[in-house]
Every structure is written in structure tokens, then in C-alpha cells.
Amino acid sequence: MSIRRLSLEADVDSSSLRFDYGADPNNMQTFDRDNILGCKCDPGYEGYDCSKRSCPRGDDPVTTNQVDEIQALKCTATGGVFRLQYRTSTSTDIPFNARVSALRHILKTSFGFEDPVVTYSSGTQACTAPASPANIITVTFPVDHGDIPP
Numbered sequence: 002m003s004i005r006r007l008s009l010e011a012d013v014d015s016s017s018l019r020f021d022y023g024a025d026p027n028n029m030q031t032f033d034r035d036n037i038l039g040c041k042c043d044p045g046y047e048g049y050d051c052s053k054r055s056c057p058r059g060d061d062p063v064t065t066n067q068v069d070e071i072q073a074l075k076c077t078a079t080g081g082v083f084r085l086q087y088r089t090s091t092s093t094d095i096p097f098n099a100r101v102s103a104l105r106h107i108l109k110t111s112f113g114f115e116d117p118v119v120t121y122s123s124g125t126q127a128c129t130a131p132a133s134p135a136n137i138i139t140v141t142f143p144v145d146h147g148d149i150p151p
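Just so you know, the sequence shown maps onto residues 2 to 151 in the numbering used here.
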């Protein structure tokens, strides 16, 4: 995609950076906005052509007393699908009745998270019917430490 398009999809330090490279067509510094091409890699990949797997990042595994990030959400539904968003990426469709293993797989493949721990407070599927006890989906990130945006 063009460098102009890449600038609109930039993601820096967990917040979306909206910058339109070449917004002013008369700026001689950015005349090349639609001629220079680059790649926006999927989570877990990097390099000029996105062919390199990213190395694990984050906290040194031998340190102690770190705090794992925990996110919780509630899903009430009797059918359909839902999606989760992290930074500028959106997950694939998650069925309302997704089991823990399926949701964990979607988190890993959609966002590149290393070993997220998924638990349900009630039942074996992500969403519960409105009249049923609420199911709280808890996701713990044992490798991605620190505050992760909801």
C-alpha cells in the first residue's frame, strides 16, 4: 500500500496515530505520497515484506513479582457472532457459543498474543442467554505485561 495509506493506519505506543502523509498536495516534501509503497504486517510478523516472524517481546520470564494484565468482558446473546478489537486490529468472527479453546486460538491468531489464558465464570460457551447467570470472560496475558488497552 502507499506510504500515504500506511500513515493513516499507523499504530504507535498503543494508541492510534492518525497522520495523513501528503494531505497537502502542494507540499514538495510529500509529493511521493502515492508512489512509495510499503507493507503493514499482520500481528506476529515484521520485515520489509512481512515474511519474518517476530521474536517474543515483553517481560523477562525469570523476573518475579510482575503483574499480569487481565481483561474482563460479559457477553449476553443466544446467537450470532461478535468481534474484539485491539489497537487497530479486529478479530475474526467469534461465535456466541465459542468454547475457551476457540476464543484463545482467535486471540492468538488475530492479535499475536502469546499464550493468553481464557476462563469463563459460568458454562462452556462465551455468551449466555439474557435470563441465565452472566458469564464473565476473563483473559489473562502472562507474557504481555503492563497495561493493555481494553
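The C-beta atom is built at its ideal place from N, Cα and C for all residues, glycine as well.
Cβ distance (whole Å) where residue i is taken to contact residue j below 8 Å
i: serine 55; j: glycine 45; result: 5 Å
i: alanine 78; j: phenylalanine 97; result: 4 Å
i: valine 140; j: leucine 108; result: 7 Å
C-alpha gap between residue i and residue j, whole angstroms
i: serine 16; j: arginine 88; result: With a pLDDT of 47 at serine 16, under the threshold of 50, the modelled position of this residue cannot be trusted, and the question is left open.
i: arginine 5; j: leucine 38; result: 9 Å
i: asparagine 66; j: methionine 2; result: 43 Å
i: aspartate 50; j: glycine 113; result: 18 Å
i: asparagine 36; j: isoleucine 138; result: 45 Å
i: aspartate 25; j: glutamate 47; result: 30 Å
i: serine 123; j: leucine 104; result: 15 Å
i: proline 57; j: glutamine 86; result: 21 Å
Cut-off 8 Å between Cβ atoms - residues of its own chain near residue i, not counting five sequence neighbours on either side
i: valine 101; result: Val119, Thr120, Tyr121, Thr125
i: cysteine 76; result: Phe83, Phe97, Ala127, Cys128, Thr129, Asn136, Ile138
Per-residue burial, residue i [other beta carbons within 10 Å of its own, 16 or more giving buried]
i: phenylalanine 32; result: exposed
i: proline 131; result: exposed
i: proline 117; result: buried
i: isoleucine 95; result: buried
i: serine 111; result: buried
Below-8 Å beta-carbon distance, residue i vs any chain C residue
i: serine 52; result: Chain labels in this structure do not include chain C; a single protein chain is all it has.
Cut-off 6 Å between Cβ atoms - residues of its own chain near residue i, not counting five sequence neighbours on either side
i: aspartate 43; result: none
i: alanine 99; result: Ala127
Other residues of its chain near residue i: CB distance less than 7 Å, five sequence neighbours each side excluded
i: glycine 81; result: Phe97
i: serine 90; result: Pro44, Ser111, Phe112
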